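Numbering (our numbering), first residue to last: 1 to 182. We treat Cβ as the ideally placed atom computed from N, Cα and C, and that holds for glycine. All figures in this text were calculated on a predicted structure; none of them were measured in a lab.
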Amino acid sequence: MCRFYPLLLGIIVGSIWSIFPTLGHSHGSFHSEALLGAMLVLYGLYGLFAKRMPNLAPHEKWLSPIIGYLGGALTVATGVVVIPVVPYLQSLHLKRDDLVQSLGLAFTVSTICLAIFLHQNPVEDTPIDYKLSLIALIPSLLGMWVGTKIRYRIPEQKFRKVFFCGLVIFGLYSVLHQFGVL
Numbered sequence: 001m002c003r004f005y006p007l008l009l010g011i012i013v014g015s016i017w018s019i020f021p022t023l024g025h026s027h028g029s030f031h032s033e034a035l036l037g038a039m040l041v042l043y044g045l046y047g048l049f050a051k052r053m054p055n056l057a058p059h060e061k062w063l064s065p066i067i068g069y070l071g072g073a074l075t076v077a078t079g080v081v082v083i084p085v086v087p088y089l090q091s092l093h094l095k096r097d098d099l100v101q102s103l104g105l106a107f108t109v110s111t112i113c114l115a116i117f118l119h120q121n122p123v124e125d126t127p128i129d130y131k132l133s134l135i136a137l138i139p140s141l142l143g144m145w146v147g148t149k150i151r152y153r154i155p156e157q158k159f160r161k162v163f164f165c166g167l168v169i170f171g172l173y174s175v176l177h178q179f180g181v182l
């Protein structure tokens, strides 16, 4: 997993020096929820309709730090770790277990960076509730355990379709909610 150090370092750098307006900071018409929703819709639609992810493995050496930086910057702008790290790791065409392990590393580093960022920059002067955060780990860990149990039981194409449909629905909801439609 040493091959992912440039990606992980990029996530750290991006979360410290984000090029995007960050959570809790008002920047005119910038809406982090709408940005997140739009990213999820685009990724979901791409996942549903693209025949195959392009193979970016030959460009991994120079692309990993850039994708990591963008991932870290978008994490502190939206509070979500998914884009662009997940599609990038998928485009490396890793084996299933390697993909899951690399996603776990990226999510862990991104989540730690986000926690540090939020501790130093509370959203709307609301401090982090660490007890509630620890309690929230229970359903997260349970979901990971259940996901591990069913990962090999669901056909990959069916899982992809459900996953990407879910992203599109959640993304549309986020955009519409941000602008008061829902």
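Minimum C-alpha distance to residue i - residue among the options
i              : options                        : result
proline 84     : Tyr46, Pro139, Lys51           : Tyr46
leucine 7      : Leu35, Gly104, Ile116          : Gly104
threonine 78   : Trp62, Leu48, Val123, Arg153   : Val123
valine 109     : Gly143, Ala136, Ala73          : Ala73
serine 91      : Pro21, Leu118, Trp145, Arg52   : Arg52
valine 80      : Asp97, His59, Lys61, Phe107    : Phe107
threonine 22   : Gln120, Phe163, Pro58, Ala38   : Gln120
tryptophan 145 : Cys165, Val100, Lys95          : Val100
cysteine 2     : Glu33, Ser32, Tyr43, Glu60     : Glu60
tyrosine 69    : Tyr43, Tyr152, Trp17           : Trp17
tyrosine 43    : Leu182, Lys161, Ile150, Leu176 : Lys161
glutamine 178  : Ala38, Phe164, Arg96, Lys95    : Ala38
Secondary structure of residue i, DSSP reduced to three states
i             : result
leucine 89    : helix
alanine 106   : helix
valine 76     : helix
glycine 37    : helix
isoleucine 19 : coil
valine 81     : coil
leucine 215   : Residue 215 falls outside the range modelled here, since the chain spans only 1 to 182, and no answer is possible.
valine 181    : coil
leucine 94    : coil
proline 65    : helix
leucine 56    : coil
Whole-angstrom C-beta distance between residue j and residue i, which should lie under 8 Å
i              : j           : result
glycine 180    : valine 41   : With 8 Å as the limit, glycine 180 and valine 41 do not qualify as a contact, their Cβ atoms being about 18 Å apart.
leucine 114    : tyrosine 88 : That belief does not hold up - the Cβ atoms of leucine 114 and tyrosine 88 are roughly 18 Å apart, past 8 Å.
isoleucine 67  : glycine 147 : The Cβ separation is near 24 Å, so there is no contact.
serine 174     : leucine 36  : 6 Å
serine 15      : valine 82   : The Cβ separation is near 14 Å, so there is no contact.
isoleucine 128 : leucine 118 : 6 Å
| task | Within the segment 108-178, note down every full beta strand (DSSP E) run reaching 3 residues or more, in order along the chain. | result | none
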